[in-house]
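Visitor:
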Amino acid sequence: MIKMKQFLSWSVILPTLALSAGSALADEGMWQPNQLPTIAKELTNAGLKLNPNDLTDLTGFPMGAIVSLGGCTASFVSDQGLVATNHHCVYGSVQYNSTAENNLLKNGFLAKEFSEELPATPGSRIYVTEEITEVTKLVKSGITEKMSGSDRYKTVDTNSKKLVAECENDDRYRCNVVNFHGGLEYYLFKQLTIRDVRLVHAPASSIGKYGGDIDNWMWPRHTGDYGFYRAYVGKDGQPADFSKDNVPYKPKHHLKVNKSSVDDGDYIMVLGYPGRTNRYRTAYEVENTFSWTYPHAKAYREEIIDLIHTHSEVGSEARIKYESTLAGLANYAKNYGSMIHSYNKGTFLQRKQVLETNLTNWLNSSAKRKAQYGEALSGLDKLIKKDDKQQARDLILGYMRYSKMLSTAKRLHRLAVENTKPNIDREHGYQERDIARFEQSMKSVDRRYDEKIDKEILVAMLTHYVALPKAERLKSFDKFFGLTNITAKSFNEKKLRKQLDKMYKNTKLDSQDQRLALMNRSVSDFNKSKDPFIQLAVASFKERKAIEDKSKELAGNIQAFRPKYMEALIAYFNDNDLPVYADANSTLRITYGNVKGYSPQDGLTATPYTTLEGIVAKDTGIAPFDAPQKQLDLINKKQYGEYAKKAIGSVPVNYLGTLDITGGNSGSPTLNDKAEFVGLVFDGVYESIIGDWDYDTKLNRSIHVDVRYMLWVMEHVDGATNLIEEMDIVE
């Protein structure tokens, strides 16, 4: 996915080593913009009409129209800062602005005028990547072979922070140092940061989430997963905090919308910010993740989902506050389950083991290679296994973050601790550059918190915590909750609940004013606090910090081994004429391919399109298959307007592509051979879920909202004609 010196200027990693480089399908891989000239022939052969060199200019067309939302991708589709993305990417902002009396999640939202647009969730940002610079030597400056893991970690961290500080010379930009191939290379990303983001339009959830969790990762699909934000800036055209005096941002470039969409076999590409892939993990990491981490994480997520459902009625204020949380929990719970299923029925682990055997034999066949890389794999696995010894504890403590009161107390106390240090020495998330977003996160708690649900989540996680071996538990937690001599068998949930009732009754963290005031308090103030959640945060800090420091020591040692392992693997692939690319890491990438169906199993062939009639066929009138009656009536009357596709005799809803995507690509614009907007990618098929780890060219398929369906709903169902008129529509 990323350029790594000359030997990594192109290509893809193959799922098996038996294939030659020439037999690799070009659809695989998420490419860094500056790599595209090296695969110009492949792009042209796939159908691209533009000069691939034009795609390398981050401030030119079309790259200048592609933005990140910090977890999703989006794109400018008008010269007035209108931003198109997925419904599930604007979902949090819809939820934030919803109440039981005005449920925008259920009814949808449309601003007919700029003045009607609503502020997005506090902390929402639109990031426009402007520069990418390799900084490997600068980040690794001062590192020696004899360094401890902690010193190595600190050196990389400090050098990275210095580069970021130099890059962020004013508040218009957000910069980040990102590593590639586990630290073999580092790049500095500079992004213009738009801080005033407003919700413009989102269809009702019965369109935007049609099919819900049942259809998630499935085909055929009939989901209108789209929504719109708008970027606002100060009157001087520069990024500014929210103000009624701000004006719509005028991007240098925006995408034209081609309402003709695409045909079967047509070239398509997605430009976006894919999150994380793990295609270079070791066999041990693969086995541990799929046999332990994912099953446990899936169970915890499903447990929290059940707790939220049990303790809140549909449409209630409490449920609305947790709808966004539920969506995230459910998505990954199904993701983990599907990946486990694919892993168990496939040969992924065996192929990883064969690869490592072949790599080891290749290294041992040369004295020079053995001396240079001989212990890279074994040393890496040894460290990872050491890191995994406390994985049960770490996972449970991690899921305690879903308790808003506990996580808020920890963060506020940590802010006070970090404020005692020079800015450069503060932890990520607590530096001066982070304070504005920290404050906005404190403001958003009220729309994400219900006392009853929060308490139930904490009871559940503490119940799991008590079941841990005594040596893995935190003495401070045990003392605070009276669990020192308690085991899972002797655990008294009723007693715990009484204590928690008092804690929730006496805490002031449910007050926005109190949370904001605590941002400016000293460590001494926290030590004297009578708030029970703050007392817990203070009491447990030393132990939690010790765990963090130990983790950094291990991470620093891993930083010494993983790059060596990757260098060995790359050298092996080169020697065997096998291509290689970097894993996704939330940086700007391009993936391309074609509209194409697939055969998920013997005797079944999936066509590349679904239609409006499929919505009616699925509809039961009960969520998640409860399309608006107006939409059903239009479909039954075949009122397609100008959006019908002759080849299928209806309006296409979703279509399949061969593109290599992952989380973070959500909301990415799907572009045709002229870089015109023809839809939004929002999901993958069930068989491609394991694609974060293992790619299969025959089964990997991306799912896209067809632009024809978007426009049809906007015009005929929601009356969003003002937005259609604002966009540049071409055929």
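Heads up: the sequence shown runs through residues -26 to -1, 1 to 705, numbered per mature numbering (1 follows the signal peptide of the UniProt record, and there is no 0).
We treat Cβ as the ideally placed atom computed from N, Cα and C, and that holds for glycine.
1. Would you call the segment 33 to 41 and the segment 97 to 113 in contact, with 3 or more CB pairs under 8 Å?
2. Relative to the C-alpha of D399, which residue among G55, H175, G38, K135 is closest?
3. Across the segment 483 to 499 and the segment 376 to 396, are there enough close Cβ pairs to call them in contact, namely three or more that are closer than 8 Å?
4. Just to confirm the assignment, what range does the beta strand (DSSP E) spanning N568 have?
5. Thinking A558 and T251 are a contact (beta carbons under 8 Å), I'd like their distance in whole angstroms, please.
6. Could you tell me the alpha carbon to alpha carbon distance between A694 and I100, rounded to whole angstroms?
7. Can you give me the start and stop residues for the beta strand (DSSP E) that I100 sits inside?
8. Under DSSP, the beta strand (DSSP E) around I168 begins and ends at which residues?
9. Specify the secondary structure class of A441 as computed by DSSP and reduced to three states.
10. CA-CA distance, V(-15) and V554?
11. Starting from residue 706, follow its DSSP beta bridges and name the residues at the other end.
12. Identify, in the order they occur along the chain, each residue of the same chain with its Cβ nearer than 7 Å to the Cβ of Y223, setting aside the five sequence neighbours on each side.
13. In terms of residues, what are the limits of the alpha helix (DSSP H) holding V51?
14. For Q473, which residues of its own chain have a beta-carbon under 7 Å away from its beta-carbon, when the five flanking residues on both sides are left out?
15. Measure the C-alpha to C-alpha separation of L510 and L630 and round it to an integer number of angstroms.
16. Give the straight-line distance between the Cα atoms of E430 and E277, rounded to the nearest whole angstrom.
17. Helix, strand or coil: how does DSSP classify M243 here?
18. Would you decide whether P177 is buried or exposed? Buried here means 16 or more other CB atoms lie within 10 Å of its CB.
19. On the three-state DSSP scale, how would you describe F35?
20. Which first and last residues belong to the beta strand (DSSP E) in which N335 is found?
21. Look at the alpha carbon of T632 and the alpha carbon of T671, and state the distance between them as a whole number of angstroms.
22. So is F(-20) buried or exposed if we call it buried at 16+ other beta carbons inside 10 Å?
23. Looking at C-beta atoms only, is the number of pairs between the segment 180 to 193 and the segment 123 to 142 that lie closer than 8 Å three or more?
24. Does DSSP put H285 in a helix, a strand or coil?
25. For Q324, which of A20, K363, D668 has the nearest alpha-carbon?
26. Could you work out which residue in L528, L386, K463 is closest to R489 when comparing CA atoms only?
27. Terminal residues of the continuous beta strand (DSSP E) containing F656?
28. Taking the alpha-carbon positions, what's the N19 to L245 distance?
29. In its own chain, which residues sit with a C-beta less than 7 Å from the C-beta of S405, not counting the 5 before and 5 after it?
30. Could you pull the start and end residues of the beta strand (DSSP E) that D680 belongs to?
31. Looking at C-beta atoms only, is the number of pairs between the segment 352 to 365 and the segment 558 to 572 that lie closer than 8 Å three or more?
32. By how many angstroms is the C-alpha of D475 removed from the C-alpha of L436?
33. Should R375 be labelled buried (16 or more other beta-carbon atoms within 10 Å of its own) or exposed?
34. Taking C-alpha atoms, which residue in H196, E699, S235, Y306 lies nearest to I663?
35. Starting from the Cα of N332, find the closest Cα among A257, T579, K502 and give me that residue.
36. Quick check: the segment 264 to 274 against the segment 306 to 318, are there 3 or more CB pairs under 8 Å?
Guide: This is what the structure gives:
1. yes
2. K135
3. Counting Cβ pairs under 8 Å, three or more are found: they touch.
4. 563 to 568 is the extent of the beta strand (DSSP E) around N568.
5. That belief holds up - the Cβ atoms of A558 and T251 are roughly 4 Å apart, short of 8 Å.
6. 23 Å
7. 100 to 108
8. 159 to 168
9. coil
10. A caution first: V(-15) carries a pLDDT of 31, below 50, which makes its placement in the model too unreliable to give a value.
11. Because residue 706 is not part of the residues shown, which for the chain are -26 to 705, the question remains open.
12. G55, I168, A205, Y206, V207
13. Note, V51: premise wrong, no alpha helix (DSSP H); not H, not E.
14. F455
15. 50 Å
16. 10 Å
17. strand
18. buried
19. coil
20. It is not in any beta strand (DSSP E) - N335 instead sits in the alpha helix (DSSP H) that spans 322 to 338.
21. 8 Å
22. Only weak support exists for where F(-20) lies, its pLDDT of 27 falling under 50; the value from the coordinates is given anyway. Its Cβ having fewer than 16 others within 10 Å, F(-20) is exposed.
23. Because the criterion of three Cβ pairs below 8 Å is not met, the segment 180 to 193 and the segment 123 to 142 do not touch.
24. coil
25. D668
26. L386
27. 651 to 658
28. 19 Å
29. Rather than Ser, the amino acid found at residue 405 in this sequence is Gln. The answer, listed in chain order, is N397.
30. For D680, the enclosing beta strand (DSSP E) covers residues 676 to 680.
31. no
32. 15 Å
33. exposed
34. Y306
35. A257
36. yes
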